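Undergrad: Below: one structure in structure tokens.
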Amino acid sequence: MPAAQINQPSNQIRLTNVSLVRLKKGKKRFEIACYKNTVQAYRAGHETDLDNVLQIPNVFLNVSKGQVAPNAEIEKAFGKGFKRDEVVMEILQKGELQVGEKERAQELERVHREVLEIVAGRLVEPKTKRVYTTGMIEKALEQLQSQGGHAGRHAGKDEGKSREQSANTGSSTPNGDAGETEAKEAAKPKPIWTGVTTTKSAKSQALDAMRALISHQPIPVARARMRLRITCATAMLKQAVKSAPSADGDAPATGTVKDKILSFVEQIETQDVGGEEWECIGFVEPGNYKLLGEFLDGQTKGRARAEVLDTAVTHEAD
Amino acid sequence: MPVVPPEKLVQLQQQGQNVRNICILAHVDHGKTSLTDALIATNGIISPKLAGKIRYLDSRPDEQLRGITMESSAISLFFSLLRRESPTAEPQSKEYLINLIDSPGHIDFSSEVSTASRLCDGAVVLVDAVEGVCSQTVTVLRHTYVEKLKPLLVINKMDRLITELKLSPSEAYTHLSKLLEQVNAVMGSFALGERMEDDLRWRERIDEKLQSKGAEAGSNASSDRKGSIASHENGVLTDDTPAQYEEKEDEDIYFEPERNNVIFSSAIDGWAFTPGQFAGIYAKKLGMKREVLEKFLWGDFYLDPKTKRVLSSKHLRGRHLKPTFVQLVLENVWAVYEATTGGSNGKGDPTMLEKITKSLNISIPPYVLRSRDPKALLSAVFAAWLPLSTALLVSVVEHLPSPHTAQASRMPALLKESPGHEHIDARVREAMIASNAAKEAPVVAYVSKMVSIPESELPANKRRGGALTAEEARELGRKKRAEIARAQASASTNGDAGMESVTDALSTTAISDEQDVPIREFPEDPSDPEHLIGFARLFSGTLSVGQEIYVLPPKFSPAQEHPHPPPRKVTITALYLLMGRSLESLTSVPAGNIVGIAGLEGAILKSGTLCSQVQGAPNLSSTTAISTNAPIVRVALEPTNPGDLDKMVRGLRLLEQADPAVVYEQLESGEHVILTAGELHLERCLKDLRERFARCDIQAGEAIVPYRESIVSAEEMREPRDPALGRGIAEISMVGGGLKVKLRVLPLPAKVTEYLVKYQGCVKRVWAERMAKERERRDKSGQLNASSESNGNTADDDAEVSTHGDDDEAGTNSDRDVKHAADDSIEGGQTMSVDDFKNGLLEAFEEEKADKALWKGFVSKITAFGPRQVGPNLLIDKTEDRVCDSFFHNQSNDATTSTSPLHPLLSKLTHAFQLFTSSGPLCAEPTQGIAVLLESITTDQAILCSHSAGAQTGEILRSTRTALKSAFLDWSPRILLAMYACEIQASAEVLGRVYSVITRRRGRIISESLLEPSPNFTILALLPVAESFGFADEIRKRSAGAASPQLVFAGFEALEEDPFWVPRTEEELEDFGSLGDKENVARRYVDSVRERKGLVVQGKRVVGDAEKQSTLKR
């Protein structure tokens, strides 16, 4: 037995600074050896120097064993006329990659900040209507996250409170589908916050975070409301609401269009009639805006509109 | 020795002539608190042995820890003086009450000094004998000069000359006289400044007279006779205005040892003397009159040893004699040091000591003689020979004025400076000048600051009576020992024949009863609420508990008939005698005293005036009268536990009240920002917040810096994205081709942007008015008479404008100070009428010469401002048929436009414009100075109707914003930095260092001017807010405290660099290489903001050089 075969710590080869990019093509797996934490930057165009990405400009069948891909295999998989360099580029662009630890950490950090920025822009202190700083939101979310593991155990304690909360934050419509969603919401367990991930978009995570913050209230928060201008032909206002086409027959449609519209509006700033038009400016919970829009479209056939005056009303210094 | 009950102090308060209100001022570490200790020791509050070491008035733990004073604190001391009217007369005992205020010396707490000095009548200014005049020494001297306090100079730390510098007596004398010259030079410069002003005023008066006379004469007489008229004129002039400028007497402001207003001392070794004291000693020995000797003891005078006559330097005739001061005074002091701590081994010289004690006729207790510590011996000798308290207190009593005399001289000038002084009631004025303590006299008091005291420390809550606790017993024991020591000391003093006239003055203790001693064994109750007590000086009348009194805020002026808000009336709930750490309840206080007032909580924010009447009341706390430096160190605070926010906010409000130099702001971004005077001050505030006011953990961090984004048309821009359309133009097709919009983004001319920023208030008001009007119009249900209403409105506006006309004029003057411009931008335009605003905007557009045709008629086509409907960006309707409402043309027939099918689409476009301007493409900061032109809009109703409105909204908003973004980036983008206008006063020596600090922080010098007549320069500079963290600290450090900056926000300024610039042309590539060697500063700012907000940072690599990653561990 040759001595080189003896596995000793000194003659082991460990690939400590290698990140592989693999591509399956033609039932074969091809690999290239890259430096860690560089491939994503290259793909995003932040890194332009190929020498900073590739360890060796060569295609392997197995990098750790040092098996270089034979020309025949490459030809077979990629077709003729493909140069080795082009294959390397192809794999680099399209292959599946190992995300380096630093890359992941940085991306996570970025998403975290983005989520915070979005949340901070849309939540206000309910009494003063002032926004919180990202730092405060971050701390509040951290608190939620650390409670997250025990949320199930302690859930019983403030169950009642949370139900009340979600009832407040949910729409206060007396009938129809909204009522059902409300019931669903109450039945659902409290939304929990487990920190950001890189797999979901920042916006949807921000919505999750907001929901969690509002239901747990580590600091007093509420969503900043939208200011809308709702206009409607006066003739339409007195009409009774047509029952929704869906299967919620158990909640009979009552009230006029006007009542229904006003039920969406949390607080009315002005409301007046000018000529043929009824106009109302008021604050609406952002979650209700879509519902309101759908209702207006469905009921009034374009004779009523909702116009956004301000997406998030917060206290202004002057 | 008799124990003096607090009643004694109270009784003394009634005798205005025997009260002295003094403050102790000096540069940091020149020994203020140690000196105060020595004085407190005379009243038996602390042991004389510990005096100078325990720093009794530094009651805060952090003050003790750091060894510096942070808060001024007051103590009332009792002092009795035996005085002989004539040498043969029986000595008479006179008792004095001395209200002493110890002030901090560190520059961060200079506001405490200014408030303390207003409360007092006299000041004791300390100067370190070695360090001499320092930066804060000048400041405090200026304070005394401006506040017209009578100063007393103490040259402290004399021991350092002996033990540290090892100077011989004659060297020390030269050193001291130089030091004295320095101090007098500082005083002289103040006097000179005032003299020059006076001179100027006098000249102006003469000129005025001449001119008016000349004009009169010119109309009567022909021009060739002017010469004779002028000469005649001079004759006339002398009648009313003195032709010669009258030199004011400035003798009394200087410090001269022969006038006994200079004291030489060593607080640590417990001794002090005035030359007069020595004159008294030597008067007998030399057979001279004391008064004569006093004159010749300091200065170029020599004592002829044979004839025992004093010679001046002229008569010296080559003989080597020492000056009298050296020979008679310093050498003796030196000898004591030599005998006790000197010698070969530092153990002193016993034989010499014996000689000295014998000649001085003092006896040293044998246990001290045997002690191994030479210091103990030293202080024992000095305590018997030249006790510090005697010299100081005698001088204070003799040279500093009582409230009566001080107010008589100070008040007229002080009142003259206060706002609306001509409206002050004559009765009040007289009472204040006379310090009238009569019950019926009007009460006037000035509250300099609010002191926060935990409830358990109030006398009402202290344990009384009952058995002595162990703590109290120990306390009592300590006092007794102190008394014994003092008794011995005074006994030996009295026996001394050589100096009886001086040391006749002997202090007696004023040990108040046990209530006086704070009982500290109470565990710190966590719910112990803080009480705010006003630190006040009563100027006239008598204040008693239960009295109702008006509180005048700092902005009050007696000139106003009905001040708004009306002064509040409060009831005084308690009065306290301030005794350093403890308080003593009082029932009433007469004029001329310093007192703590409870019951002002909530009525006074920081400082204020109390008066028994509102009409004709003086305002002593107006901001103009008191010079406090505006706080400049700015940090954002956040509770560590987010649930503690309420607590923190409450704590911040309390802190703002309790500390005159703190400003608390809540920003639009939700940040809680405090401004403090310096880093040290900030630390103290945080500690206070954590432990007393908020009682929760608080973190401090950098405040978020705002930026703005804009575009310019620059030389080196790359090709427009779509050459067919032109630069900044974007065509978008939305809703499946149902809506086609052509937009154009343009940079606004600089003048227009400036105008819009300045008069943002006007846009805001117009917007608010428009909303209100629309509402109103609807109330009238369409039956409106548009023209009449608009006329009425403009009339209203005109009225407003006429009252504030000068404001507007000033605002348009572009040559104004940057600082003022910033102020204007906040308030400017609030009072402007719509028409004025429009005209101004038109003018601003007119001034742009380059593209006159392009900008023509823009003003009437403005559809909206943005962001938030009021910002400095414009949405302009350039379509053929003017589909949008004009912003200014608000009477437009809403009925027709709002029902048009375009209207909902347009409102969506406008909304997209608002969104875009509120977060720009560079780093999501608001934009400034861009115009979005709506060039054309075409719709296809069929396609539009087939799409649901909800989906449409989203798509229109999204694609419009993307289009605007790409059009924006077609130009050369710029990032605008928030700037501070920075005003720095610095002496010529440190000018270079100040400049280097400003340049390193990317600041720009605007102007530099000599501040006549002082040798200081005033530098105006612009400094980016982003670079201002730690600026104040750095500039103070680099200039050794000789430069003090003031920062005021001054708006935004563009950084003339494209954040996306990379070398492109061949020349540039040659110069900078393909990567761009020099750092792009604009890019750095943009990237830091993007990183903070979690936006993708272009070109950011995770690792710099991949090969260089460590291969060993992960």
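In order, the protein sequences belong to chains U and H. Heads up: the first sequence begins at 423 in this note's numbering, then just goes up one per residue. Heads up: the second sequence begins at 5 in this note's numbering, then just goes up one per residue. We put the CB at the ideal spot given by N, CA and C, even for glycine. Owing to the predicted nature of the structure, the values given are computational and were not obtained by experimental measurement.
Let's test the definition: count the other Cβ atoms within 10 Å of the Cβ of H/H324 and tell me whether it reaches 16, buried, or not, exposed.
TA: Translated into positions along the second sequence, residue 324 of chain H becomes position 320. H/H324 is exposed by the Cβ-count criterion.
Undergrad: With a 10 Å radius around its C-beta and 16 neighbouring C-beta atoms as the bar for buried, classify H/V745 as buried or exposed.
TA: Your numbering for residue 745 of chain H matches position 741 in the second sequence. Per the 10 Å Cβ criterion, buried.
Undergrad: Given that H/P908 touches chain U, what residues does it touch there, using C-beta distances under 8 Å?
TA: For the purposes of this step, residue 908 of chain H is identified with residue 904 of the second sequence, where counting begins at 1. Within 8 Å Cβ-Cβ: R727, E729.
Undergrad: What number of angstroms, rounded off, separates the C-alpha of U/V730 from the C-alpha of H/Q551?
TA: Here residue 730 of chain U refers to the residue found at position 308 when the first sequence is read from its first residue. Here residue 551 of chain H refers to the residue found at position 547 when the second sequence is read from its first residue. Taking the straight line from one Cα to the other gives about 58 Å.
Undergrad: Under 7 Å between beta-carbons, which chain H residues line up against U/K561? List them in chain order, please.
TA: Position 139 of the first sequence, counting from 1, holds the residue named residue 561 of chain U. Residues of chain H whose Cβ lies closer than 7 Å to the Cβ of U/K561 are, in chain order, P646.
Undergrad: If you count every other CB in all the chains shown that lies within 10 Å of the CB of H/L13, and 16 or more means buried, which is it?
TA: Counting from 1 along the second sequence, the entry for residue 13 of chain H is found at position 9. Flag for H/L13 reads buried.
Undergrad: In this structure, how does DSSP classify U/Q434 when only helix, strand and coil are distinguished?
TA: By one-based count along the first sequence, residue 434 of chain U stands at place 12. Note: U/Q434 maps to coil in three-state DSSP.
Undergrad: Can you list, in chain order, the residues of its chain with a C-beta nearer than 6 Å to that of H/C927? Leave out the 5 residues immediately preceding and following it.
TA: Here residue 927 of chain H refers to the residue found at position 923 when the second sequence is read from its first residue. Closer than 6 Å at the Cβ level, and outside the excluded window around H/C927, lie V1090, V1093, R1094.
Undergrad: Since H/W389 is in the alpha helix (DSSP H), which residue starts that stretch and which ends it?
TA: Here residue 389 of chain H refers to the residue found at position 385 of the second sequence. H/W389 -> alpha helix (DSSP H) spans 378–389.
Undergrad: Can you tell me which of the three DSSP states H/V14 falls into?
TA: Looking up residue 14 of chain H in the second sequence gives position 10. It is helical.
Undergrad: Roughly how many whole angstroms lie between the Cα atoms of H/R414 and H/E151?
TA: Residue 414 of chain H sits at position 410 when you count from the first residue of the second sequence. Residue 151 of chain H sits at position 147 when you count from the first residue of the second sequence. Spanning the two alpha carbons is a distance of roughly 8 Å.
Undergrad: Per DSSP, what kind of secondary structure is U/Q569 in: helix, strand or coil?
TA: Within the first sequence, residue 569 of chain U is the residue found at index 147, counting from 1. In the three-state DSSP reduction, U/Q569 falls in the helix class (H, G or I).
Undergrad: Using beta-carbon positions only, say whether H/E262 and H/L214 come within less than 9 Å of one another.
TA: Translated into positions along the second sequence, residue 262 of chain H becomes position 258. Translated into positions along the second sequence, residue 214 of chain H becomes position 210. Result no, Cβ atoms of H/E262 and H/L214 do not sit closer than 9 Å.
Undergrad: List, in chain order, every chain C residue whose beta-carbon is nearer than 8 Å to that of U/T460.
TA: The displayed structure is made up of protein chains U and H, and chain C is not among them.
Undergrad: Under 9 Å between C-beta atoms, does H/L1014 make it to chain U?
TA: For the purposes of this step, residue 1014 of chain H is taken as residue 1010 along the second sequence, with counting starting at 1. Cβ-Cβ to chain U under 9 Å: no for H/L1014.
Undergrad: Going by DSSP, what residue range makes up the alpha helix (DSSP H) through H/D650?
TA: Against the second sequence, residue 650 of chain H aligns to sequence position 646. Start and end: 649–662.
Undergrad: Alpha carbon to alpha carbon, how far is U/Q489 from U/T620? Give it in angstroms, no decimals.
TA: Working through the first sequence from its first residue, we reach residue 620 of chain U at position 198. Working through the first sequence from its first residue, we reach residue 489 of chain U at position 67. So the two alpha carbons sit approximately 34 Å from each other.
Undergrad: Mind listing which residues of the segment 506–524 of chain U have their C-beta closer than 8 Å to chain H's C-betas, in chain order?
TA: G522, E523, K524
Undergrad: Based on Cα-Cα distance, which residue from U/Q567, U/Q661, U/F500 lies nearest to U/Q741?
TA: Because chain U is modelled from 423 through 740, residue 741 of chain U falls outside the range shown and cannot be assessed.
Undergrad: List, in chain order, every chain H residue whose beta-carbon is nearer than 8 Å to that of U/T555.
TA: Here residue 555 of chain U is taken as the residue at index 133 of the first sequence, counted from 1. Simply A640, E642, S673, G674, E675, I708.
Undergrad: Compare the C-beta of H/T409 against all C-beta atoms of chain U and say whether one is closer than 9 Å.
TA: As a working note, residue 409 of chain H is residue 405 in the second sequence. With 9 Å as the cut-off, H/T409 does not count as an interface residue toward chain U.
Undergrad: Span of the alpha helix (DSSP H) holding H/K98?
TA: Here residue 98 of chain H refers to the residue found at position 94 of the second sequence. First-last for H/K98: 96–106, but that is the beta strand (DSSP E), not the alpha helix (DSSP H).
Undergrad: Can you look up H/R199 in the DSSP assignment and give me helix, strand or coil?
TA: As a first step, residue 199 of chain H must be located in the second sequence, where it is residue number 195. Residue state, collapsed to three classes: helix.
Undergrad: Restricting to Cα atoms, I'd like to know which of H/L937, H/L101, H/K573 is closest to H/L404.
TA: Counting from 1 along the second sequence, the entry for residue 404 of chain H is found at position 400. Checked all of H/L937, H/L101, H/K573; the closest Cα to H/L404 is H/L101.
Undergrad: Would U/M658 pass as an interface residue toward chain H - the criterion being a Cβ-Cβ separation below 9 Å?
TA: Reading the first sequence from its first residue, position 236 is the one you call residue 658 of chain U. U/M658 does not count as touching chain H.
Undergrad: Measure from the alpha carbon of H/S592 to the alpha carbon of each residue in H/L604, H/S548, H/N623, then state which is nearest.
TA: To locate residue 592 of chain H, count along the second sequence from 1; it is residue 588. Here the closest residue by C-alpha is H/S548.
Undergrad: Under 7 Å between beta-carbons, which chain U residues line up against H/S911? List them in chain order, please.
TA: If you number the second sequence from 1, residue 911 of chain H lands on position 907. Per Cβ cutoff of 7 Å: E729.
Undergrad: Per the DSSP calculation, H/P279 is bridged to which residue(s)?
TA: What you label residue 279 of chain H is simply residue 275 of the second sequence in a count that begins at 1. DSSP output for H/P279 lists no bridge partner at all.
Undergrad: Is H/R769 near H/E929, with beta carbons less than 9 Å apart?
TA: For the purposes of this step, residue 769 of chain H is identified with residue 765 of the second sequence, where counting begins at 1. For the purposes of this step, residue 929 of chain H is identified with residue 925 of the second sequence, where counting begins at 1. No. Outside cutoff.
Undergrad: Counting only beta-carbon separations shorter than 9 Å, does U/K565 have a partner in chain H?
TA: Numbered from 1 along the first sequence, position 143 holds the residue referred to as residue 565 of chain U. It should be noted that the sequence gives Gln, not Lys, for residue 565 of chain U. Cβ-Cβ to chain H under 9 Å: yes for U/Q565.
Undergrad: Give the secondary structure of H/C700 by DSSP, where H, G and I count as helix, E and B as strand, and everything else as coil.
TA: Along the second sequence, read from residue 1 onward, the residue named residue 700 of chain H stands at position 696. H/C700: coil per DSSP, three-state reduction.
Undergrad: Does H/K882 have its Cβ less than 9 Å from a Cβ in chain U?
TA: What you label residue 882 of chain H is simply residue 878 of the second sequence in a count that begins at 1. Judged by the 9 Å Cβ criterion, H/K882 is not in contact with chain U.
Undergrad: Could you tell me which chain U residues have their CB closer than 9 Å to the CB of H/L1099, listed as they occur along the chain?
TA: For the purposes of this step, residue 1099 of chain H is identified with residue 1095 of the second sequence, where counting begins at 1. In chain order: R532, R535, E536, E539.
Undergrad: Could you check where the alpha helix (DSSP H) with H/H427 kicks off and where it finishes?
TA: Sequence index remark: in the second sequence, residue 427 of chain H carries index 423 (1-based). Run containing H/H427: none; DSSP gives neither H nor E here.
Undergrad: Quick one: Cα of H/A1054 to Cα of H/E758, how far?
TA: As a position in the second sequence, residue 1054 of chain H is number 1050, starting the count at 1. As a position in the second sequence, residue 758 of chain H is number 754, starting the count at 1. C-alpha separation (whole angstroms): 13 Å.
Undergrad: Pull up the DSSP beta-bridge partners for H/G538, would you.
TA: Counting from one through the second sequence, the residue named residue 538 of chain H turns up at place 534. Looking at the DSSP assignment, H/G538 forms a beta bridge with H/M454, H/I601.
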